[in-house]
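Sequential numbering from 84 applies to the sequence shown in this note's numbering. Glycine residues also receive a C-beta, built at the ideal position from the N, C-alpha and C atoms.
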Amino acid sequence: MSRIANQITVVGVGSAGCNTVTRLYDMNVSQNAKLVAVHTEEVHLEKSRADEKVLVGERVTHGRGTGGVVSVGARVMTEDLSSVISKVGSPKTLIVCGGLGGGMGSGGMPVLLEYYKEKYPDILRLVVTTFPFKFEGLNRKENATHGLTRLMDLADLTVLNLNDILFESIREYPMMVGFKLLDLILALTIKGMVDIITKGGDIGISYGDFEAVSRNAGLGMVGHGTGVNVREAVENAISNVYLDGVGTSDSYALVYVATPENVTMGEASIAPDTVSKKYEVTRMFWGHRIESRNNVQVMLLVSNVQSDSVTSVRSGFLL
């Protein structure tokens with residue numbers, strides 16, 4: 084593990100967070116970042132795969148769930164915070180992931196982020212999360228609204244996926260396939276971030292570049308795409324952004340392109356050019372890496388975006 088990689092910790096909180104960490108572990112991301120799973124559900128945690136696991140709330144939930152109660156999630160994280168911190172440590176970059184709507188995601192994640200913001204303000208704090216489907220009901224939306232508002236006040240960057248936007252792509256999928264896809268999207272987003280920080284390339288992105296896009300950067304969105312050429316890959320990446328975000332005068336973008344050896348400089352540059360024009364960003368950072376692959380892969384990250392859906396949520400109106 085490299086010096087920089089050793090300073091990245093990913094913490095999955097609750098069921099969705101633990102599922103995401105398990106995905107990352109299976110993708111060998113633990114070679115480049117520490118993976119920590121935190122949950123109240125003992126059985127779920129035992130099945131999770133991570134470098135470190137922390138069972139919280141035994142005195143309150145007795146190894147079971149929070150019942151979707153935000154205050155319970157906040158309480159158990161607060162009471163067992165020292166156990167979580169002992170496994171997380173004080174990394175240079177902290178990535179917290181989970182789903183909004185339940186007790187641990189909406190109640191537990193903010194408690195963890197608040198501690199690190201107050202105790203270690205220089206740590207780069209990133210959140211990767213999802214907002215629940217409309218069909219999941221009013222209570223989960225209210226929980227998610229509470230959690231999102233808190234997280235955006237505590238994190239440097241909150242990368243958000245709206246499940247209702249994703250739903251249009253997966254409505255015909257079997258139920259279990261659809262939910263596994265949600266975990267996969269979170270995992271790919273985090274893996275992409277870790278790869279950008281830790282892997283080099285013929286056009287590299289420094290940690291300083293990544294920090295410039297992510298520090299005090301509000302709301303963010305991420306997209307991944309593959310294609311037979313760069314243009315197709317970047318267009319697919321834009322199509323795979325699951326937030327109704329638009330660029331602002333403060334928006335920065337980061338684009339990373341992985342291609343076969345025969346792709347020209349001119350073709351590779353199509354990716355950052357397309358993203359820059361699409362979102363009218365103020366600053367653009369981009370990198371390129373040659374890989375042994377038959378297709379092209381593009382990841383984009385845009386920060387300080389404006390979302391009508393999120394504005395409505397933070398104004399007290401449910402999605």
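What whole-angstrom Cβ distance do residue i and residue j have, given they're in contact under 8 angstroms?
{"i": "S362", "j": "V338", "result": "Looking at the sequence itself, residue 362 is Tyr, so the reference to Ser does not match. Not a contact, Cβ separation roughly 11 angstroms."}
{"i": "M187", "j": "H122", "result": "7 angstroms"}
{"i": "G156", "j": "S189", "result": "7 angstroms"}
{"i": "L231", "j": "V194", "result": "So it is not a contact: roughly 15 angstroms between Cβ atoms."}
{"i": "R208", "j": "L183", "result": "Contact doesn't hold; Cβ gap of about 17 angstroms is too wide."}
{"i": "F368", "j": "I248", "result": "So it is not a contact: roughly 25 angstroms between Cβ atoms."}
{"i": "V171", "j": "V119", "result": "6 angstroms"}
{"i": "A336", "j": "R376", "result": "At roughly 23 angstroms, the Cβ-Cβ gap does not stay under 8 angstroms, so A336 and R376 are not in contact."}
{"i": "V137", "j": "V167", "result": "5 angstroms"}
{"i": "V358", "j": "V324", "result": "Contact doesn't hold; Cβ gap of about 10 angstroms is too wide."}
{"i": "L267", "j": "R106", "result": "6 angstroms"}
Classify residue i: buried if its beta carbon has 16 or more other beta carbons within 10 angstroms, exposed otherwise.
{"i": "N115", "result": "buried"}
{"i": "M259", "result": "exposed"}
{"i": "S98", "result": "buried"}
{"i": "S395", "result": "exposed"}
{"i": "L221", "result": "exposed"}
{"i": "S131", "result": "buried"}
{"i": "F218", "result": "exposed"}
{"i": "S297", "result": "buried"}
{"i": "V311", "result": "exposed"}
{"i": "D236", "result": "exposed"}
{"i": "E197", "result": "buried"}
{"i": "E201", "result": "exposed"}
{"i": "G100", "result": "buried"}
Whole angstroms is fine: what's the gap from residue i's alpha carbon to residue j's?
{"i": "D205", "j": "K175", "result": "8 angstroms"}
{"i": "V83", "j": "V179", "result": "With the chain running from 84 to 402 in the structure shown, residue 83 is simply not present."}
{"i": "H229", "j": "V242", "result": "16 angstroms"}
{"i": "F216", "j": "G191", "result": "20 angstroms"}
{"i": "T331", "j": "G291", "result": "22 angstroms"}
{"i": "L240", "j": "N246", "result": "19 angstroms"}
{"i": "V364", "j": "Y203", "result": "30 angstroms"}
{"i": "E135", "j": "T347", "result": "43 angstroms"}
{"i": "I273", "j": "T103", "result": "9 angstroms"}
{"i": "M382", "j": "H307", "result": "5 angstroms"}
{"i": "M304", "j": "V139", "result": "30 angstroms"}
{"i": "S252", "j": "G275", "result": "21 angstroms"}
{"i": "E255", "j": "G261", "result": "9 angstroms"}
{"i": "A300", "j": "N345", "result": "35 angstroms"}
{"i": "N387", "j": "D356", "result": "19 angstroms"}
{"i": "E81", "j": "I353", "result": "Not covered by the structure: residue 81. The range shown for the chain is 84 to 402."}
{"i": "D333", "j": "R147", "result": "43 angstroms"}
{"i": "I321", "j": "E162", "result": "41 angstroms"}
Near residue i, which residues of its chain fall below 6 angstroms by C-beta distance, leaving aside the five closest residues on each side in sequence?
{"i": "L401", "result": "A caution first: L401 carries a pLDDT of 49, below 50, which makes its placement in the model unreliable, though a value can still be read off. The answer, listed in chain order, is K224."}
{"i": "M350", "result": "According to the sequence displayed, residue 350 carries Glu and not Met. For E350, where only same-chain residues beyond five positions count, the Cβ hits under 6 angstroms are V313."}
{"i": "V211", "result": "C180, V242, L269, T272, I273"}
{"i": "V143", "result": "V159"}
{"i": "V152", "result": "G186"}
{"i": "R366", "result": "Y335"}
Which one or two residues does DSSP pair with residue i in a beta bridge?
{"i": "S322", "result": "Bridge partners of S322: none, in fact."}
{"i": "R208", "result": "L177"}
{"i": "R366", "result": "Y335"}
{"i": "N244", "result": "T213"}
{"i": "H307", "result": "M382"}
Please list, in chain order, all residues of the same chain as residue i whose beta carbon is under 7 angstroms from its beta carbon, the five residues on each side excluded.
{"i": "S390", "result": "L302, L326, D327, G328"}
{"i": "E294", "result": "L207"}
{"i": "N378", "result": "T309, G310, V311"}
{"i": "V277", "result": "I91, V112, N115, A116"}
Closer than 8 angstroms: is that where the CB of residue i sits relative to any heavy atom of the ligand NAD?
{"i": "E374", "result": "Ligands in the displayed structure: none, and consequently the ligand NAD is not present."}
For residue i, collect the residues of the same chain with a Cβ closer than 8 angstroms to its Cβ; drop the 5 residues on either side in sequence, then sort them by chain order.
{"i": "D285", "result": "H371, R372, I373"}
With a threshold of 9 angstroms between beta-carbons, can residue i be considered close to chain C, or not?
{"i": "V324", "result": "The chain labelled as chain C is not found in the depicted structure, where only one protein chain is given."}
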